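Participant: Before I ask anything, here is the structure I am working with.
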Amino acid sequence: MAAPNSKATLKEYALRQLGKPVLDINVDDDQIDDIIDDALQYFAEYHYDGTIRTFLKHQINDNDLANQKQDASIGQSTTGSHISSNMTFKEGQGYVVLPESVLSVLRIFPFVDKSGLNMFDLRYQLRLNDLYDISSTSIIQYEMVQNHIQLLDEILIGQVPIRFNKAQNRLYLDMDWSNAVTSGEYILIDCYRKIDPTQFTDIYNDVWLKKYVTALIKKQWGQNLSKFEGVQLPGGVTLQGRQILEDANTEIEKLEEQSNLLQTESALMMG
0 MAAPNSKATL
10 KEYALRQLGK
20 PVLDINVDDD
30 QIDDIIDDAL
40 QYFAEYHYDG
50 TIRTFLKHQI
60 NDNDLANQKQ
70 DASIGQSTTG
80 SHISSNMTFK
90 EGQGYVVLPE
100 SVLSVLRIFP
110 FVDKSGLNMF
120 DLRYQLRLND
130 LYDISSTSII
140 QYEMVQNHIQ
150 LLDEILIGQV
160 PIRFNKAQNR
170 LYLDMDWSNA
180 VTSGEYILID
190 CYRKIDPTQF
200 TDIYNDVWLK
210 KYVTALIKKQ
220 WGQNLSKFEG
230 VQLPGGVTLQ
240 GRQILEDANT
250 EIEKLEEQSN
260 LLQTESALMM
270 G
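For what it's worth, numbering that gives the first Met the number 0 labels the leading residue of the sequence shown as 0, then goes sequentially.
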């Protein structure tokens, strides 16, 4: 059989692992579709191969600036003894909408471009005066000076505070939108994005995912049969759905523990 490369082929692979066509797997197709969707979601959020660190850029336009300078009204009614039970609040709309595939945001890069150095820049003067002969300058001293300049930059200028929640898909930039950014400038976002399995079909052939989907279908199979626990079929066969369910839960627990362990090790290796 070919390696799974879609939801349909992954479904058939998992059913064969459970005994199809020798055994009748008592799980509905809609249940299996839900299971595969849940497994892909878990893979994206908790497995180290389900996401990739990427950089997204967004160009600010006039409409963005006009919308983000306005405030949204929030009305809140409270119960109890208060001076006023109905109060209105304002919330800033200084955010950009990110794709649903973005799971977390690490930072945004400074708006000030420091790559194009000019003669009045401190780093330019340092290179001009001290690095005309690279062999005469200590790398240690140069690194210490660079760290000191970076520290001064963080203290005097700082970074733009950000807030992000994947349920909203909004990246809030807590800054003065009137002065900090102009139309035409870019926001460069350092983030983690989940990999789209419809575009990168190798995900369906991941060893861990195949085992996880198989275990989840086995769990659903056990749950379905457990409703008829102890029922004796013609020929003296007795349904044992409870045992199938317990075995599946044990397999799922081991797989999720393995995923969490590998994710932790991957984070340590990447720093």
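For glycine and all other residues, C-beta sits at the position ideal for the given N, C-alpha and C. Only a predicted model underlies this, so the values are computations on that prediction, with no experimental measurement involved.
When the Cα atoms are used, what is the spatial distance from L267 to A13?
Facilitator: Residue placement at L267 cannot be trusted, given a pLDDT of 43 that sits under 50; the coordinates are not used to answer.
Participant: I'd like the list of long-range same chain contacts for F274, defined as Cβ closer than 6 Å, with 5 residues on each side in sequence excluded.
Facilitator: Absent from the model: residue 274. The displayed extent of the chain is 0 to 270, so no value can be given.
Participant: Quickly, what does DSSP pair V21 with across the bridge? List them, please.
Facilitator: Beta-bridge pairing links V21 to no other residue.
Participant: Would the beta-carbon of G240 fall within 9 Å of that of L224?
Facilitator: yes
Participant: Output yes or no for whether 9 Å exceeds the beta carbon distance between R52 and Y203.
Facilitator: For R52 and Y203, no; Cβs fall outside 9 Å.
Participant: Would you check if the distance between the CB atom of A247 and the CB atom of K226 is smaller than 9 Å?
Facilitator: No, they are not a contact pair.
Participant: Report buried or exposed for Y185, applying the criterion of at least 16 other Cβ atoms within 10 angstroms of its Cβ.
Facilitator: Y185 should be labelled exposed.
Participant: With H, G and I counted as helix, E and B as strand and the rest as coil, what does DSSP make of S182?
Facilitator: Judged by DSSP in its simplified three-state form, S182 adopts coil rather than helix or strand.
Participant: Among K210, V236, E90, whose alpha-carbon lies nearest the alpha-carbon of I251?
Facilitator: K210
Participant: Should the stretch 145 to 161 be regarded as contacting the stretch 18 to 28, the criterion being three or more beta carbon pairs within less than 8 Å?
Facilitator: The answer is no - the stretch 18 to 28 does not touch the stretch 145 to 161, with fewer than three Cβ pairs under 8 Å.
Participant: For a test of the three-state rule: what should DSSP assign to K113, helix, strand or coil?
Facilitator: Its pLDDT being 49, under 50, K113 is placed unreliably in this model, and the coordinates cannot settle the point.
Participant: Look up F163 in the DSSP assignment and give the residues it is bridged to.
Facilitator: Partner(s): L170.
Participant: Please specify which runs of the beta strand (DSSP E), each continuous and at least 3 residues long, are wholly inside the stretch 29 to 59, giving them in chain order.
Facilitator: 50 to 58
Participant: Quick check on DSSP: helix, strand or coil for E250?
Facilitator: helix
Participant: How many Å lie between S5 and Q198 at the Cα?
Facilitator: Approximately 10 Å between the Cα atoms of the pair.
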